[in-house]
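First the structure, in the form of structure tokens, and then the observations on it.
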Amino acid sequence: MWRFNGRAKRSIGRMLFHPNVVHFPIALWLTSTFFDLLGLRREKAIFREMAFWLVGLGLVGAAVTILFGWTDLLAQERQGVGTGLLLRHRVHSWLAYSSTAAYLGVFIWRWRTENRLTPGTLLLSLLGAGLIAVTGYLGGEMRNVM
């Protein structure tokens, strides 16, 4: 069994997990969009397959990331963060939910159409990529003030 002294327990208690895991869904989704665009240029099934599974893995990562985001925010609220940070978080979280919904739509649409890349799924994928890029930027800016 591990034993921590009081100082180690306090530092683990202050550790924010969301910034450590958020990179995974962002990278997976942006890479899936890249594979979608590559699939337009070269008509190989491997690009569609990779994009599909990367979106799915990104959704799993997003669930974990959102959970940690909320637990980290609640911990910060207990420490007395300001209203400005809470308002920024609200915008950040709605953008994150929107990008997650976009990629969930891509995943479901492609699941039902036997993984066909349609103009609609490509548009939704590009929208999700744009949203997640803005979300990541705002999250990074928010992290700098915490």
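So the sequence shown is numbered by our numbering: it starts at 7 and just counts up by one. The beta carbon of each residue, even a glycine, is placed where N, CA and C say it ideally should be.
Same chain, Cβ closer than 7 Å to residue i, neighbours up to 5 away in sequence not counted
i	result
Phe-113	Val-61, Gly-62 and Leu-65
Leu-44	Phe-53
Range covered by the alpha helix (DSSP H) that runs through residue i
i	result
Gly-62	51-84
Val-28	Neither: Val-28 is in no alpha helix (DSSP H) and is coded neither H nor E.
Residue i (DSSP reduced to helix, strand or coil)
i	result
Glu-120	coil
Leu-34	helix
Ser-17	Reliability of the predicted coordinates at Ser-17 is poor, the pLDDT of 43 falling under 50, and no value is obtained from them.
Gly-90	helix
Leu-22	coil
Arg-47	helix
Other residues of its chain near residue i: CB distance less than 8 Å, five sequence neighbours each side excluded
i	result
His-98	Thr-141, Leu-144, Gly-145 and Met-148
Where residue i falls, given that 16 or more other Cβ within 10 Å makes a residue buried
i	result
Gly-126	exposed
His-95	buried
Thr-71	buried
Chain C contact for residue i (CB, 8 Å cutoff)
i	result
Leu-123	Among the chains in the structure shown there is no chain C, since it carries only a single protein chain.
Sequence-distant residues of its chain with Cβ nearer than 6 Å to residue i (five each side left out)
i	result
Asn-11	For Asn-11, the pLDDT reaches just 46, beneath the cut-off of 50, and the residue's location in the model is therefore unreliable, leaving the point undetermined.
Asn-121	Arg-54 and Phe-58
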